[in-house]
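Peer 1: Have a look at this one before I ask anything.
Residue numbers (the numbering used here): 6 to 409.
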């Protein structure tokens, strides 16, 4: 009972805007990951082969990853809300495109546009949440958002797998309608106690110069990108492996396990992680990823369940700590810095495309072994980033004040 009451205490007192944005975070992530396994089946039905499917699914992460910092900059410069509305409209229009297009090259273009929405919405929502509460509550906002975010990611494939059995293009139309509803409801959930944040006047060129000069940021982004290359395999290569082994029906209960882990474990695990060093938690997250992929090497269902559990624990540890580390590098450009986390989505593109190719060449065993080995580089990159930050802080000259 003590643990349960502490969980409610952690999230007590948030305003209605935070709760509404958390609901949007959950729903947008759920829809995104509904469509990943759904698209694999849907694209196969309209005549795409495994390589084309990999490119269509993976290409959406490219433009979104590049647009992330620009959208983050615009949120600092002109305000988060107008940028958020623009991104949501572009995103829902791309769903309508998916519903009516069956040409490979047009689908690639639509997927690129769709990527702007699905990769930019997370930092925009988190920035809005941060700016609607006191600074002291931002860590708890991150925890609550991550429970919703992670639950959406885990539940999504389960729903997508079920929808693929009976539905087709109408799933895309339904997604567009849900996003339209959120846009219409948004004005009614604005909080009157929003913390005022001054809009930045720094130019885009100067902002890019700041980002380029930040060596710690570069290494942190590289760490997130490598992690994404490995992580996306559970939503791209793993369904292909299950389908080849005639075990695809197990993908739904596997995804449901991840959903339960996300909802139940996130808060106690994050509270436990806060008392440990950031470096050790990053290392532990990489170890969990490797153990998960080792479990996927053999087509034995109990090991698949264990592997999903390891991957879920890894993600819960990695992403909130990684994003918060980047956000804290420059609080005056917090939206822009959170936007740079979108660069890591290049890893989703690389991982999806590479995973599809390797699966066709090697099969599931060697493919998952390869990505288990690759994931080790995540910790190496993050650790180098920490060292550059330590060096920068050690060599920062404090401002001298004179007492009269």
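Cβ coordinates follow ideal geometry from the N, Cα and C atoms, glycine included. None of the values given here were measured: they were computed from a predicted structure.
Across the region 179-197 and the region 287-295, are there enough close Cβ pairs to call them in contact, namely three or more that are closer than 8 Å?
Peer 2: Judged by Cβ distances under 8 Å, the region 179-197 makes no contact with the region 287-295, as fewer than three pairs qualify.
Peer 1: Taking C-beta to C-beta, are residue 226 and residue 345 nearer than 8 Å?
Peer 2: For residue 226 and residue 345, yes; Cβs fall inside 8 Å.
Peer 1: Taking the runs of the alpha helix (DSSP H) that are 4 residues or longer, which of them lie wholly in the region 220-305?
Peer 2: As far as the region 220-305 is concerned, its whole alpha helix (DSSP H) runs of at least 4 residues are 220-236, 242-249, 256-279 and 283-301.
Peer 1: Quick one: complete alpha helix (DSSP H) runs, 4+ long, within the region 26-101?
Peer 2: As far as the region 26-101 is concerned, its whole alpha helix (DSSP H) runs of at least 4 residues are 55-83.
Peer 1: Whole angstroms are fine: how far does the CA of residue 193 sit from the CA of residue 123?
Peer 2: Going from the Cα of residue 123 to the Cα of residue 193 covers about 24 Å.
Peer 1: Which value, in whole angstroms, describes the spacing of the CA atoms of residue 397 and residue 217?
Peer 2: Cα to Cα, residue 397 sits roughly 15 Å from residue 217.
Peer 1: For residue 2 and residue 318, what's the separation of their Cα atoms in angstroms?
Peer 2: No information on residue 2 is available, as it lies outside the stretch 6 to 409 that the chain covers here.
Peer 1: Let me know the secondary structure DSSP gives residue 171 once reduced to three states.
Peer 2: It is helical.
Peer 1: Nearest-angstrom Cα distance between residue 402 and residue 394?
Peer 2: With a pLDDT of only 49 at residue 402, under 50, the local geometry of the prediction cannot be trusted, and the value read off the model is given with reservation. So the alpha carbons of these two residues sit roughly 14 Å apart.
Peer 1: Taking all protein chains shown into account, do 16 or more other C-beta atoms lie within 10 angstroms of the C-beta of residue 404, making it buried, or fewer, making it exposed?
Peer 2: With a pLDDT of 41 at residue 404, under the threshold of 50, the predicted position of this residue should be treated as unreliable, though the coordinate-derived value follows. Exposed: under 16 other Cβ atoms inside 10 Å.
Peer 1: Could you give the C-beta distance for residue 176 and residue 38, rounded to a whole number, given that I count them as a contact under 8 Å?
Peer 2: 13 Å between Cβ atoms; not a contact.
Peer 1: Along the chain, where does the alpha helix (DSSP H) containing residue 368 start, and where does it finish?
Peer 2: Careful: residue 368 lies outside any alpha helix (DSSP H) and carries neither H nor E.
Peer 1: Within the same chain, show all residues whose beta-carbon is closer than 7 Å to that of residue 308, passing over the 5 residues directly before and after it, in chain order.
Peer 2: Result list for residue 308: 300, in chain order.
Peer 1: Quick one: grab the DSSP three-state call for residue 19.
Peer 2: Reduced to three states, the DSSP call for residue 19 is coil.
Peer 1: So for residue 145, helix, strand or coil by DSSP?
Peer 2: Correct three-state label for residue 145: helix.
Peer 1: By the 10 Å Cβ neighbour count, where 16 or more other Cβ atoms means buried, how is residue 110 classified, buried or exposed?
Peer 2: Burial call: exposed.
Peer 1: Using CA atoms only, rank isn't needed, just tell me which of 230, 129 and 374 is closest to residue 26.
Peer 2: Of 230, 129 and 374, the residue nearest in Cα terms is 129.
Peer 1: Please report the distance separating the alpha-carbon of residue 104 from that of residue 255.
Peer 2: Near 27 Å, if we compare the C-alpha coordinates of residue 255 and residue 104.
Peer 1: Assuming residue 232 and residue 330 form a contact by the criterion Cβ under 8 Å, report the distance between their Cβ atoms to the nearest whole angstrom.
Peer 2: With a Cβ gap of about 13 Å, residue 232 and residue 330 do not count as contacting.
Peer 1: Mind checking whether residue 55 and residue 359 have CB atoms under 8 Å apart?
Peer 2: Going by C-beta atoms, residue 55 is not nearer than 8 Å to residue 359.
Peer 1: Are residue 230 and residue 352 touching if we call contact CB-CB under 8 Å?
Peer 2: Yes, Cβ-Cβ distance for residue 230 and residue 352 is below 8 Å.
Peer 1: Could you check the C-alpha separation between residue 100 and residue 61 for me, to the nearest Å?
Peer 2: If I take the Cα positions, the gap works out to 14 Å.
Peer 1: Spatial neighbours of residue 290 within its chain, please: CB distance less than 6 Å, with the 5 preceding and 5 following residues excluded, ordered by chain position.
Peer 2: 319, 322 and 323.
Peer 1: If we call anything under 8 Å between Cβ atoms a contact, is residue 271 one with residue 151?
Peer 2: Yes, these two residues count as a Cβ contact at 8 Å.
Peer 1: Please report how far the alpha carbon of residue 63 lies from the alpha carbon of residue 165, in whole angstroms.
Peer 2: Approximately 17 Å, taken between the alpha carbons.
Peer 1: Along the alpha helix (DSSP H) that carries residue 119, what are the first and last residues, could you check?
Peer 2: Its alpha helix (DSSP H) spans residues 109-136.
Peer 1: Thinking just about the alpha-carbon of each residue, which of 188, 162, 140 and 131 is nearest to the one in residue 149?
Peer 2: Residue 149 has its Cα closest to that of 131, out of 188, 162, 140 and 131.
Peer 1: Could you spell out the range, first to last residue, of the alpha helix (DSSP H) harbouring residue 384?
Peer 2: Start and end: 381-399.
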